[in-house]
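Asks: Chains as they are written, first to last, in my numbering: chain A, 9 to 199; chain B, 9 to 199; chain C, -2 to 380; chain D, -2 to 380.
Each residue gets a CB set at the ideal place from its N, CA and C atoms; glycine is no exception.
Fair warning: this is a prediction, and the values are worked out from it, not measured in the lab.
My questions all concern the structure below.
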């Protein structure tokens, strides 16, 4: 584990440090090569197509949060819904429902630089993407937009592939608030 | 208020001290005489008759807590339901749903000796009873059996008749858990 | 195992197929995404935003003015927490109480100072004596005075007092005893008024050090035995309007130290008397920039219904004391507020919904969910 | 006002009437009631009681063995809290984590010692280093060893270690580093085993001071890449049984320091292979006094379904490795446990329900509500 953590940590630290993404993907690639726990099958429940449209005003009396969209046809789906494709391995609350976005933390929270990794298939371009699930920490959690997707999740014996761990390390408070999903690149064996 | 609190406090302290109930009711009587905020009307929504029976086993798949009963025909109703007659002025959670009873606190909590007072009509004997609503404190609150009955509740300017105040005084923790209802006696002008 | 091999097989098949698809629609993959980022908020919040205080357990900043209906951010709260929103400084002030072990252990009362844009904690002011009133979050528990230089915190142990806090230098200045009185409403340039059990209003003038500089008490005007005032109020042109349980409205002029209790008037006309209409709910009334008064009204009211959700909102011109409109709600509401704009939105908390109406014509614009909400709400639209 | 008079009138009328009624039915009023009282629990809990751990946020002691379906009491919990129930001492041990300001401020990890009968806090042991693993409450985060004289707490920072706590003298004895390994399972007389990323099992023997007295590592047997073991297990006659994601069962003999990894065997026979049955859920298996093994099984399982609720419980004789029964659940379940009696009840957490079945024939006895529950449950029946 120590070794894997070193890689994960170094990778995300360096990412935070704006260094070459290539090298990161490279590192990941080698790491992933060793971990065939990453599924190459389409993510059945991540069929984001329906959850997409924002055309027309929502029913004024619906009580629902209006459908959101990424605005990018190659990144289809609603970032406030569990079935958005890149959430295929999120077990937790979606930051997009707490004042953050699919990739950013809500105001007043802190994003953990250490995290765990999943692979999700993008239904639009049929590519498998390596996704970093970063927890936002120190805010107020209360179960809004709670998702339980476990694509590629593995028992905690391999923590970097486990979504039950509170990934709030290297931050002021280790109290979990919500989770974002950041695309790191395409799974190496698909390039 | 100072005066009222003195009475309330002294009364309940002395009650806790097992002194003569008469004197307590007496004190209350004089106190209540001055406070015509105590309703003498029947408690419409405290019709406990239906909520009573425990005959027959509940539906095994109901998911409901089985109906409870006081076992006393003169004290009809289900102490785990908001419409039990003596809860006519409870705004809070019922201790009978947390491991306590209609008159006792759940394990691990502490009952506040200082409290507020209501008057509820018992549909079985048509008497108006003076009820002391004691908060249990220092435990775990989470909204099970939350009731909002406001018979005789008054704005906090008269705190001893207000059910929004956390009545956790003279206890180790002032954190609210749930509320019990203790009969102090019959409203003086009904004896 | 067999299964794993099976997967590998279909995976390679898929790979072959998907290569073709990729080429066709999206030649390039999505690029790697930005480094970790935390959202920030505008220095001046849009008028369509509002703070929703979930009974002091949780505070949510929500965009109620757009169909996106987004949550913009949240502030933690623990027990009867109240929020004050400054328009003098880029700060928010949350008065709260925690215990060192959750619901037990050492109690700490404190004001957290948040940055309005980042929601980061700027500072904290601990309130001495663990005496802050633990009462369901509502008006009168805390207030600004002295042009937001001071915050006043109501204490209840059950003895009553007020803690005076200097928000500029972030320190506690002292306490003012107010035996037999409850809650704080700003009055005069620097001071407050409080409602007393004797039916009077006690007004306290403070000096710049937060010490009592003057004290005056009104004649008794609040009939607690027969028809007490609610403690919720609406401010119109410096005059504070309190409704009574049976439907009077009581204006009090708090603009100067010389606080004046003005003549009351009825919300319900003789013509409507038969309907037994009374004010009822939690945050029971509101006012807008047009100096109109909005009151939650409940038909067939009787003893014990004064905190029930109400079916209608009645709109008054306080100058003419005339009712201008009756707005019927799509579902009974408990708390109301108005956005601070020329053409305001009427916000109505109704069970697990926040219904947003056009105040002008009472039409429902949208309805937001309040998941898991089962207590009382205090609504604070952005200024 | 008029209304008030009206009331007074009808009140006196009623008074007249009710006097008659009283005389008729109940000549005497209900007596004044007892002085303030707090409930206590029996020294030995009935076997029909169980602790329900709501993902470490809240712990509830519930009577699941009777149609009263009562809540008997609750213990507060904050973050990934786990409970150990002693049958050597009248105590409960809850390992928990709090922050001085709710979700921020100074972090404290601690074990609260509760009296089993009063639920009062007897004592508290603070765990140093703020390193306790914050992982959804589950088996392996804490355990007893040394006949309940010691508690072991798994730490994750993300470096792995185990804190050894003396529960008798209520003090921390020290830490054991377990790099690359996770969770703690009691093994031998005084020690533990832990699952390592290399696929091995590391076993640590402790001396009476909690220091490492011996250390042995198994050969690699846990294929993390292809078919890893779940971390949930069931204990039968000192042998611990771990299911794998694809449906093997792996027995490990942890009775002595000389821990033995025994041959695995399949839960799914060739005949059933087509159904793609796999273990799935959270607290995924249980055992009873008859040495039967109960496993939550899910049809049409595939990648990512290993924590989904399962439709059936399959019952095995671990001696013969034969499946004895298939129990169909009234609704898919995520966590199961068995009461500790000759004729046990099968407890199944299924969404916001706790379904109680007769283990012998799989008939539903009752179903309890779990209001507001939306995460994962750990069930601990009373012993």
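Within this structure, are the beta carbons of residue 36 of chain D and residue 115 of chain B separated by less than 8 Å?
Replies: Cβ atoms of residue 36 of chain D and residue 115 of chain B: closer than 8 Å.
Asks: Compute the Euclidean distance between the alpha carbons of residue 123 of chain D and residue 110 of chain D, then round it to the nearest angstrom.
Replies: Cα to Cα, residue 123 of chain D sits roughly 11 Å from residue 110 of chain D.
Asks: What residues are listed by DSSP as bridge partners for residue 124 of chain A?
Replies: The partner list for residue 124 of chain A (beta bridge, DSSP) reads A:141.
Asks: Closer than 9 Å by beta-carbon distance: list the chain C residues that pair up with residue 122 of chain B, in chain order.
Replies: Simply 155.
Asks: Flag this pair as yes or no: are the beta carbons of residue 169 of chain C and residue 201 of chain C separated by less than 8 Å?
Replies: Not closer than 8 Å, so no.
Asks: Answer yes if the segment 193 to 212 of chain C comes into contact with the segment 178 to 185 of chain C, meaning at least three C-beta pairs across the two stretches below 8 Å, and no otherwise.
Replies: Cβ pair count under 8 Å is three or more, so yes.
Asks: How is residue 168 of chain A classed by DSSP in three states: helix, strand or coil?
Replies: Correct three-state label for residue 168 of chain A: helix.
Asks: What is the rounded straight-line gap between the Cα of residue 61 of chain B and the Cα of residue 84 of chain B?
Replies: Summary for residue 61 of chain B: the model assigns pLDDT 38, below 50, so the residue's position carries little reliability, and this model does not support an answer.
Asks: Excluding the 5 residues preceding and the 5 following residue 88 of chain A in the sequence, name in chain order all residues of the same chain whose CB lies nearer than 7 Å to its CB.
Replies: 73, 76, 102, 104, 105, 153, listed in sequence order.
Asks: So that I know if they touch, is there some Cβ in chain C lying closer than 8 Å to that of residue 78 of chain B?
Replies: Judged by the 8 Å Cβ criterion, residue 78 of chain B is not in contact with chain C.
Asks: By the DSSP assignment, the beta strand (DSSP E) with residue 332 of chain C in it spans what residues?
Replies: First-last of the beta strand (DSSP E) with residue 332 of chain C: 332 to 335.
Asks: Would residue 85 of chain B count as contacting chain C if we go by Cβ distances under 8 Å?
Replies: Cβ-Cβ to chain C under 8 Å: no for residue 85 of chain B.
Asks: Work out the CA separation of residue 196 of chain B and residue 370 of chain C for me, nearest whole Å.
Replies: The alpha-carbon atoms of residue 370 of chain C and residue 196 of chain B are separated by roughly 40 Å.
Asks: Along chain D, which residues have their Cβ under 7 Å away from the Cβ of residue 97 of chain C?
Replies: Correct list: 97.
Asks: Name the chain B residues whose beta carbon is nearer than 9 Å to that of residue 321 of chain C?
Replies: Ordered by position in chain B, no residue passes the 9 Å Cβ test against residue 321 of chain C, which lies about 27 Å from the chain.
Asks: Report the partner residues of residue 151 of chain C according to the DSSP bridge assignment.
Replies: Answer by DSSP bridge pairing, in chain order: C:159.
Asks: Got a sec: is the Cβ-Cβ distance from residue 333 of chain C to anything in chain B below 8 Å?
Replies: No, because no Cβ of chain B sits closer than 8 Å to the Cβ of residue 333 of chain C.
Asks: Using a Cβ cut-off of 8 Å (strictly closer), state whether residue 162 of chain B contacts chain C.
Replies: Judged by the 8 Å Cβ criterion, residue 162 of chain B is in contact with chain C.
Asks: Considering only the beta carbon of each residue, do residue 194 of chain D and residue 164 of chain A sit closer than 8 Å?
Replies: Taking 8 Å as the Cβ cut-off, residue 194 of chain D and residue 164 of chain A do not qualify as a contacting pair.
Asks: Would a check of beta-carbon distances place residue 3 of chain C closer than 8 Å to chain D?
Replies: Because residue 3 of chain C sits at a pLDDT of 32, beneath the cut-off of 50, its placement in the model cannot be relied upon, and the following sentence gives the value as read from the coordinates. By this cut-off, residue 3 of chain C is not an interface position.
Asks: Between A:189, A:136, A:182, which has its C-alpha nearest residue 117 of chain A's C-alpha?
Replies: Nearest C-alpha to residue 117 of chain A: A:182.
Asks: To the nearest angstrom, how far is it from the Cα of residue 45 of chain A to the Cα of residue 140 of chain A?
Replies: Confidence is the limiting factor: at residue 45 of chain A the pLDDT is only 31, short of 50, which leaves the residue's position unreliable, though a coordinate-based value still follows. Taking the straight line from one Cα to the other gives about 15 Å.
Asks: Report all residues from its chain with a CB closer than 6 Å to the CB of residue 313 of chain C; omit the five preceding and five following residues, and keep chain order.
Replies: Same-chain partners within the cutoff: 290, 320.
Asks: Given residue 252 of chain C, which residues of its chain have a CB within under 6 Å of its CB, disregarding the five upstream and five downstream residues?
Replies: Cβ neighbours of residue 252 of chain C beyond the five flanking positions: 235.
Asks: Apply the 10 Å Cβ neighbour rule to residue 353 of chain D and answer buried if 16 or more other Cβ atoms are within range, or exposed otherwise.
Replies: Buried, since its Cβ has 16 or more Cβ neighbours within 10 Å.
Asks: Using beta-carbon positions only, say whether residue 61 of chain D and residue 367 of chain D come within less than 8 Å of one another.
Replies: Cβ atoms of residue 61 of chain D and residue 367 of chain D: not closer than 8 Å.
Asks: Is the number of C-beta pairs between the segment 225 to 241 of chain C and the segment 269 to 283 of chain C that are closer than 8 Å three or more?
Replies: Enough Cβ pairs lie closer than 8 Å, so yes.
Asks: Quick check: the segment 145 to 162 of chain B against the segment 176 to 195 of chain B, are there 3 or more CB pairs under 8 Å?
Replies: The segment 145 to 162 of chain B is in contact with the segment 176 to 195 of chain B.
Asks: Can you check DSSP and say which residues form a bridge with residue 294 of chain D?
Replies: According to DSSP, which records beta bridges pairwise, residue 294 of chain D is partnered with D:276, D:309.
Asks: Suppose only complete runs of 4+ residues qualify. What are the alpha helix (DSSP H) ranges in the segment 153 to 215 of chain C, listed by chain order?
Replies: The segment 153 to 215 of chain C contains no whole alpha helix (DSSP H) run of 4 or more residues.
Asks: Determine the DSSP secondary structure at residue 380 of chain C, reduced to helix, strand or coil.
Replies: Three-state DSSP puts residue 380 of chain C in coil, outside helix and strand.
Asks: Name the chain C residues that come within less than 9 Å of residue 148 of chain B, Cβ to Cβ?
Replies: In chain order: 99, 100.
Asks: Are the C-beta atoms of residue 73 of chain D and some chain A residue less than 8 Å apart?
Replies: False, the Cβ-Cβ gap to chain A never drops below 8 Å.
Asks: Please state whether DSSP places residue 150 of chain B in a helix, a strand or coil.
Replies: Looking at residue 150 of chain B - three-state DSSP - the assignment turns out to be coil, as it is neither helix nor strand.
Asks: Residues of chain D with CB closer than 9 Å to the CB of residue 154 of chain A, please, in chain order.
Replies: Those within 9 Å of residue 154 of chain A in chain D are 371, 372.
Asks: Under the DSSP definition of a beta bridge, which residues are partnered with residue 60 of chain C?
Replies: Bridge partners of residue 60 of chain C: C:46.
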